[in-house]
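Asker:
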Amino acid sequence: MVVGFSLSLPLYVVRRGDMLYFRMRVPEDIQGFLRTTEISRALRTNNPREAGRRAQRLAWITADLFDDIREGKYRNMDHKEIKRLVADWLREILEEDELKRISRDRPRGLHEIDDEAETLAILETDERERLATDDHLSKTGIAQALLEERGIVMDKEDMAFKTLCRELLKASVSYLEIAQERNIGDYRGTERYISVGEANEKYIVVNSDTAGRKQNQEEGPLLSVVLDAWVKDKLQMKEWTERTRLDNEPMVKDFIEMVGDMPIGRLGPEHLRDARDRFLRVPKNRQKTPKYASFTLRRLSEMDIPEKERLSKQTLHNRAVKIGGFLHWARDRGYPVKEGMDTVMKFKLERRKQSAARAVFSPEDLAKMFNPGSYLKETKGQAARFWVPLIALCTGMRIEEICQLYLGDVREVKGVLCFDVNDRADKGLKTLSSERLVPVSPVLKEIGLSEYLEEVRRTGAPRLFPELEKDGVSKKYSDRISKWFNRYLDRIGIEDDEKEGKKVFHSFRHTFANTCKQKGLDTRKVKQIIGHEAGRDMTLDHYGKAYEPDVLYRDVMAHIVPEVNLRGLVGKWK
153 MVVGFSLSLP LYVVRRGDML YFRMRVPEDI QGFLRTTEIS RALRTNNPRE
203 AGRRAQRLAW ITADLFDDIR EGKYRNMDHK EIKRLVADWL REILEEDELK
253 RISRDRPRGL HEIDDEAETL AILETDERER LATDDHLSKT GIAQALLEER
303 GIVMDKEDMA FKTLCRELLK ASVSYLEIAQ ERNIGDYRGT ERYISVGEAN
353 EKYIVVNSDT AGRKQNQEEG PLLSVVLDAW VKDKLQMKEW TERTRLDNEP
403 MVKDFIEMVG DMPIGRLGPE HLRDARDRFL RVPKNRQKTP KYASFTLRRL
453 SEMDIPEKER LSKQTLHNRA VKIGGFLHWA RDRGYPVKEG MDTVMKFKLE
503 RRKQSAARAV FSPEDLAKMF NPGSYLKETK GQAARFWVPL IALCTGMRIE
553 EICQLYLGDV REVKGVLCFD VNDRADKGLK TLSSERLVPV SPVLKEIGLS
603 EYLEEVRRTG APRLFPELEK DGVSKKYSDR ISKWFNRYLD RIGIEDDEKE
653 GKKVFHSFRH TFANTCKQKG LDTRKVKQII GHEAGRDMTL DHYGKAYEPD
703 VLYRDVMAHI VPEVNLRGLV GKWK
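To convert, count from 1 in the sequence shown and add 152; that's our numbering.
Right, here's the structure in full:
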C-alpha cells in the first residue's frame, strides 16, 4: 500500500525535490471507482517529523474513505443533475424574493433598508462560516424536501446527498449576496444566472469568478475559524500556557475586528496596511476607559484621539508580532495565506540596550516606597498590599505569580522554604520555564512571613492572599494590586527615567536581576530563580536537572539584601 517508503522518512511520506508529500496507493478493487492508482498531497512542510504527523492523519482519513467505498456508501452520481436541481431551487427563491418586493404596498424607509442589510449580512456570514467549516449537512432538511418533491430516494450517507447539501449551501451564499445587492437597488448580480432554454426558462449558476472573486473553497475558512484552530493547536502542543493564550488571542481578535471576519485566502496586503494605519490612531486601554469602551475599533480609528492616549510604539510592535505569528502559523499549516503577509504590519522600534528596556528602582525610590510612615498607612489591614511588593523585591517574581499563590504553594523542600510557582488549579504561567521553586528570602522571614503563614492557616483559607479575586478584563488575581501600586507610586513621587523608561511593578524583577548581576552571582542560578530560559549549553540544559532549592538559597538568596532599610516593617503586617 505504501509507495516511496524510506528509512529516513516517516510512513506515507515521500520527497519530491525540496518538498515532502503524502502518498498512498489505492487498492486495486477500488481503483476503477476513484479513477487513479494513488492518492498524493503536498504536506506543506520540510520538517520530516511534522510531515509524519500530518501524513498519519491523512492516512487515517484515506483508509476510512477506502472502507466507505467498499461498503457502498459512495456511488458515482450524475453531478450535472445535482447542479440542475440546485439551480432550480435558487431560481425559485430569487423569484420569491422579487415577488415579495413587487407586492409591497408602500416604499420602504431608509431604516428598513438598513435593518434588512444588517440581517442579510449576518446571515451571509453564518452561511460562509458553515461552508468554511464544512457544515453542509445544515442543509439536510432542504435537500430532503427537494428530493421528496421529485420522488427521488437517496441515502443520507450517500456522497451524492452530501454533494447536494454542499451545493445548496453554496447557492444559499449566492442568494444572500444577490439579496444584499437588490436591497440597495443593484441588480447586476442577476447576470450570474443565464437562460439555458427559452421554452422552460431554466437557469444555471455561472462561476462567480466572472465578478472577480475566487470560489470560497480556494479562499479557505473565515479568519475567526483559523484563529480557533491556532489557539487549540498551540495549547494542545503545549507551546502555550493559558497565560500565553491571554497575551496572544485578544490581539488577533482585535485584528479580525479591524479588517472584518473574511475568508483567510481573501486577506491581502492592503487589508494589513489599512489595519496598521488604523491601529496607530486607536487609544490604549480602550475597554477600561469609559469614553471609548462602547465604540468599535474601526470607529475609534476614525476619531481624533489625542496622541498621548494612543497605543505606544512598543504595544503596536507587540501586536504586529502576534498577528504575524498567527499568519505564519496559518500558512505553515496549509491555509491559503499569501506569501510575505506575516511581515506587512511590522513596526520599527528605536534600538535600545537590552539592559535599558525597563527602569530599575533606585535606592532612593525604594526608600520612598517602603518608608514605614507611608507604606504602613497604605497597607494597613490589607495583607496582600503589604506582602506582594516585598516578595517581588526579594525574589524577582512576577506580580501574578505572587498574587495567585495558594497556601500549599509555600512549602519546604530539602529544608528550604520555597514559593512553588506552577499552573495547577486556576493558576497560569507566562512561559513553560516559569514553573519553578523560588527559595524564600531570609529578609522576608525577618519581616514576619512565617508568622503570616501560620495566621492564614488558622483561618482555614486555601490561598495565601484570600482577599484577592480574579478581577478586571484580564481576570487576574493581580488586577487590584497592580492598580493600587501604580497609584501609590504616583502619590509618593516615583518618576520614570527618561533614558531607561517607566517605573512600574515589573521593575522589581529588573531591580532583583540587576542586584544579582552587580554582586557577580551565577547567571544560570539567577535565571532559574527568575524563571527565564537558562541558555544553550547542550550538556547542562539537556542532561542536567534544575538546581535544588538549597543550592539556590546558598548561592543566591543568602547574598541578596535589598538596598533599603526595612527594619521599620518588621512584624507590622497585621
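Where is the CB? At the ideal position from N, CA and C, for every residue including glycine.
Hey, out of 570, 420 and 512, whose CA is closest to residue 651's CA?
Answerer: 512
Asker: Exposed or buried, which one is residue 516 when buried takes at least 16 other CB atoms within 10 Å?
Answerer: exposed
Asker: I'd like to check one pair, residue 664 with residue 551: are the Cβ atoms closer than 8 Å?
Answerer: no
Asker: Return the CA-CA distance between residue 355 and residue 192, expressed in angstroms with no decimal places.
Answerer: Here the model assigns residue 355 a pLDDT of 32, short of 50, so the residue's position is not dependable and the matter cannot be decided.
Asker: How would you write the range of the beta strand (DSSP E) that residue 193 sits in, first residue to last?
Answerer: 190–194
Asker: Once DSSP output is grouped into helix, strand and coil, what is the label at residue 591?
Answerer: Looking at residue 591 - three-state DSSP - the assignment turns out to be strand.
Asker: Give me the Cα-Cα distance between residue 326 and residue 316, rounded to the nearest whole angstrom.
Answerer: 15 Å
Asker: So, does the stretch 445–454 touch the stretch 478–494, judging by three or more C-beta pairs under 8 Å?
Answerer: no
Asker: Assuming residue 589 and residue 578 form a contact by the criterion Cβ under 8 Å, report the distance between their Cβ atoms to the nearest whole angstrom.
Answerer: Contact flag wrong, Cβ pair sits at about 20 Å.
Asker: Would you please state the rounded distance, in angstroms, between the beta carbons of residue 575 and residue 394? I believe it to be under 8 Å.
Answerer: 7 Å
Asker: Drop a sphere of 10 angstroms on the beta-carbon of residue 689, count the other beta-carbons inside from all chains shown, and report buried for 16 or more, exposed for fewer.
Answerer: Residue placement at residue 689 cannot be trusted, given a pLDDT of 46 that sits under 50; what the coordinates show is reported in the next sentence. Exposed: under 16 other Cβ atoms inside 10 Å.
Asker: Can you tell me where the alpha helix (DSSP H) with residue 403 in it begins and where it stops?
Answerer: 394–411
Asker: So, helix, strand or coil for residue 628, using DSSP?
Answerer: strand
Asker: Mind checking which residues open and close the alpha helix (DSSP H) that includes residue 572?
Answerer: Run containing residue 572: none in the alpha helix (DSSP H); it sits in the beta strand (DSSP E), 568–573.
Asker: Excluding the 5 residues preceding and the 5 following residue 709 in the sequence, name in chain order all residues of the same chain whose CB lies nearer than 6 Å to its CB.
Answerer: 591 and 593
Asker: Which residue marks the beginning of the alpha helix (DSSP H) containing residue 383, and which one marks its end?
Answerer: 375–388
Asker: Which residue marks the beginning of the beta strand (DSSP E) containing residue 564, and which one marks its end?
Answerer: 562–565
Asker: Tell me residue 807's beta-bridge partners as DSSP assigns them.
Answerer: Any question about residue 807 goes unanswered here, given that the chain covers just 153 to 726.
Asker: Could you pull out every residue in the same chain whose Cβ sits closer than 8 Å to the Cβ of residue 403, ignoring the five residues on either side in sequence?
Answerer: 470, 471, 474 and 475
Asker: Please state whether DSSP places residue 316 in a helix, a strand or coil.
Answerer: helix
Asker: Does the Cβ-Cβ distance between residue 332 and residue 273 come in under 8 Å?
Answerer: Yes, these two residues count as a Cβ contact at 8 Å.
Asker: Inspect the beta-carbon positions of residue 319 and residue 234 and report whether they are closer than 8 Å.
Answerer: Cβ atoms of residue 319 and residue 234: closer than 8 Å.
Asker: What did DSSP end up calling residue 487 once you bin it into helix, strand or coil?
Answerer: coil
Asker: Run the CB neighbour count on residue 497, radius 10 Å, all protein chains shown included, and call it buried at 16 or more, exposed below.
Answerer: buried
Asker: Do you know how far the Cα of residue 195 is from the Cα of residue 309?
Answerer: 29 Å
Asker: Using DSSP with H/G/I as helix, E/B as strand and the rest coil, what is residue 176?
Answerer: strand
Asker: Kindly indicate which residue of 443, 558, 432 and 495 has the alpha-carbon position closest to the one of residue 464.
Answerer: 432
Asker: Which residue's Cα is closest to the Cα of residue 680: 455, 199 and 547?
Answerer: 547
Asker: Helix, strand or coil, according to DSSP, for residue 168 in the structure here?
Answerer: strand
Asker: Buried or exposed: where does residue 335 fall if 16 or more other Cβ atoms within 10 Å of its Cβ makes it buried?
Answerer: Burial call: buried.
Asker: By a C-beta neighbour count over all protein chains shown, 10 Å radius and 16 as the cutoff for buried, is residue 565 buried or exposed?
Answerer: exposed
Asker: Taking the alpha carbon of residue 601 as the point to measure from, which residue in 215, 542 and 618 has its own alpha carbon closest?
Answerer: Nearest C-alpha to residue 601: 542.
Asker: Which residues bound the alpha helix (DSSP H) around residue 521?
Answerer: First-last of the alpha helix (DSSP H) with residue 521: 515–521.
Asker: Going straight from the alpha carbon of residue 482 to that of residue 406, what length do you get?
Answerer: 17 Å
Asker: Reducing DSSP to helix, strand and coil, say where residue 537 ends up.
Answerer: helix
Asker: Exposed or buried, which one is residue 427 when buried takes at least 16 other CB atoms within 10 Å?
Answerer: buried
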